[in-house]
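Enquirer: Residue numbers for the sequence shown follow the working numbering, beginning at 7 and rising by one.
A virtual CB, placed ideally from N, CA and C, is assigned to each residue, including glycine.
This structure is a prediction, so every number in the text was calculated from the model and none was measured.
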Amino acid sequence: MPSPRCVVLLSGGLDSGTAYALEVERGGGGFLCLFVDYGQPALAREREAASALCGRFGGEWCEVALPWLAGCSARAGSALQPGGEAPTIDEDRGPEGLGDDDSARAVWVPARNLVLLGVAAAHAEALGAQELIVGFNREEAATFPDNGTEFLRDMDRVLSNACRSPVRITAPVAGLDKPGIASEARRLGLAPADFWSCYRDRDPEAACCCEACVRSARAWSSVRP
7 MPSPRCVVLL SGGLDSGTAY ALEVERGGGG FLCLFVDYGQ PALAREREAA SALCGRFGGE
67 WCEVALPWLA GCSARAGSAL QPGGEAPTID EDRGPEGLGD DDSARAVWVP ARNLVLLGVA
127 AAHAEALGAQ ELIVGFNREE AATFPDNGTE FLRDMDRVLS NACRSPVRIT APVAGLDKPG
187 IASEARRLGL APADFWSCYR DRDPEAACCC EACVRSARAW SSVRP
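(1) Tell me where the alpha helix (DSSP H) around valine 125 begins and ends.
(2) Cutting at 6 angstroms between CB atoms, please list the residues of its own chain near tryptophan 67, excluding the five before and the five after it.
(3) Would you identify the three-state DSSP class for proline 101, choosing helix, strand or coil?
(4) Could you give the residue range of the beta strand (DSSP E) that holds phenylalanine 41?
(5) If you compare alpha carbons, which of Glu145, Val125, Lys184, Pro151 is closest to glutamate 69?
(6) Let me make sure I understand the geometry here. Which of Val42, Cys12, Asp108 has the alpha-carbon closest to that of glycine 36?
(7) Would you call the stretch 175 to 187 and the stretch 126 to 144 in contact, with 3 or more CB pairs under 8 angstroms?
(8) Given asparagine 119, which residues of its chain have a CB within under 6 angstroms of its CB, disregarding the five upstream and five downstream residues?
(9) Starting from threonine 176, trace the beta strand (DSSP E) in both directions and tell me its first and last residue.
(10) Leaving out the 5 sequence neighbours to the left and right, which residues in its chain are closer than 7 angstroms to cysteine 214 when beta-carbon positions are compared?
(11) Count the other CB atoms, across all protein chains shown, that sit within 10 Å of the CB of aspartate 107; report buried if there are 16 or more and exposed otherwise.
(12) Could you tell me which residues DSSP puts in a beta bridge with alanine 110?
(13) Rounded to whole angstroms, what's the CA-CA distance from alanine 148 to glycine 154? Just pull it up for me.
(14) In or out: serine 109 buried (at least 16 other Cβ within 10 Å) or exposed?
(15) Within its chain, find whatever has a CB closer than 8 angstroms to the CB of glutamate 91; leave out the 5 residues flanking it on each side and keep chain order.
(16) In the DSSP output, which residue or residues are listed as bridge partners for glutamate 66?
(17) Could you tell me if aspartate 183 is buried or exposed, where buried requires 16 or more neighbouring beta carbons within 10 angstroms of its beta carbon?
(18) For leucine 15, which of Gly89, Ala225, Leu122 has the nearest alpha-carbon?
(19) Would DSSP call valine 14 helix, strand or coil?
(20) Below 8 angstroms on the Cβ atoms is my contact criterion, and I expect aspartate 43 with leucine 72 to pass it. Report the Cβ-Cβ distance as a whole number of Å.
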């Protein structure tokens with residue numbers, strides 16, 4: 007089997023899953039789907055969704071465990087730690103509470119995207135792959151600085167010096183908000199059930215009002231079936 011040409015940071019959520027599907031549409035096969043276990047509460051659900059997406063598009067599966075990052079998350083008081091409980095948001099209050107400092111602080115994992123890109127770059131360089139595919143997007147960049155274009159530019163510069171062979175970052179949904187990402191997912195034949203964007207490990211049929219679910223529900227509600 008030829009070496010993958012791209013490494014996809016695949017969490018199983020709407021953003022990374024759609025970014026992966028868009029890259030498959032653009033360039034065919036040759037993907038290593040990198041799933042990272044950092045002790046997140048929704049680990050099992052995320053893994054299930056990511057694995058299904060990987061298989062659907064013919065990717066090669068790879069899982070990496072970072073228990074030390076889970077420890078950092080716990081010490082920082084993040085809700086995204088083993089046993090953590092992400093806060094909920096009142097859906098009837100409109101956009102209030104979405105994307106504010108309190109919500110970002112509650113689910114912040116210390117240096118997560120910096121760490122994940124480093125792990126992905128190491129795998130890419132070892133395999134001779136030259137691209138890292140990520141689901142960073144415009145909507146979450148407004149809340150989380152490590153999703154923004156400035157961070158992406160900075161990381162591209164870092165990787166140009168950190169890797170002996172060229173490795174660059176591609177963010178297919180960087181210019182989109184959540185409704186735009188959901189629209190692309192629908193166009194590609196994907197549905198809400200193909201992703202797990204919730205911060206929690208719960209029954210798939212049970213309702214949830216964590217910020218990730220509210221964002222996702224609003225995005226899908228704006229897209230025609």
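Expert: In short, the structure shows the following:
(1) Valine 125 -> alpha helix (DSSP H) spans 118 to 133.
(2) Residues of the same chain with a CB within less than 6 angstroms of the CB of tryptophan 67, apart from the 5 flanking positions on each side, are Cys39, Cys60 in chain order.
(3) Unreliable placement is indicated for proline 101, whose pLDDT of 45 sits below 50; the coordinate value is still reported in the next sentence. Proline 101 carries a coil assignment under DSSP once its states are collapsed to helix, strand and coil.
(4) Run containing phenylalanine 41: 37 to 43, per the beta strand (DSSP E) assignment.
(5) For glutamate 69, the nearest C-alpha among the options comes from Val125.
(6) Of all alpha-carbon atoms in Val42, Cys12, Asp108, the one lying nearest the alpha-carbon of glycine 36 is that of Cys12.
(7) In this structure the stretch 175 to 187 touches the stretch 126 to 144; the number of beta carbon pairs closer than 8 angstroms is three or more.
(8) Spatial neighbours of asparagine 119 in its own chain (CB-CB distance under 6 angstroms, excluding positions within 5 residues in sequence) are listed in chain order as Asp152.
(9) For threonine 176, the uninterrupted beta strand (DSSP E) run begins and ends at 174 to 176, by DSSP.
(10) For cysteine 214, where only same-chain residues beyond five positions count, the Cβ hits under 7 angstroms are Cys204, Arg206, Arg208.
(11) It counts as exposed.
(12) Note: alanine 110 sits in no beta bridge, so no partner.
(13) Cα to Cα, alanine 148 sits roughly 8 angstroms from glycine 154.
(14) Counting Cβ neighbours within 10 Å, serine 109 comes out buried, since at least 16 surround it.
(15) Excluding positions up to five away in sequence, the list reads Pro47, Ala85, Arg206.
(16) Answer is Leu38.
(17) Its Cβ being crowded by 16 or more others within 10 Å, aspartate 183 is buried.
(18) The option with the nearest alpha carbon to leucine 15 is Leu122.
(19) The answer is strand: DSSP assigns valine 14 an E or B state.
(20) At roughly 7 angstroms, the Cβ-Cβ gap stays under 8 angstroms, so aspartate 43 and leucine 72 are in contact.
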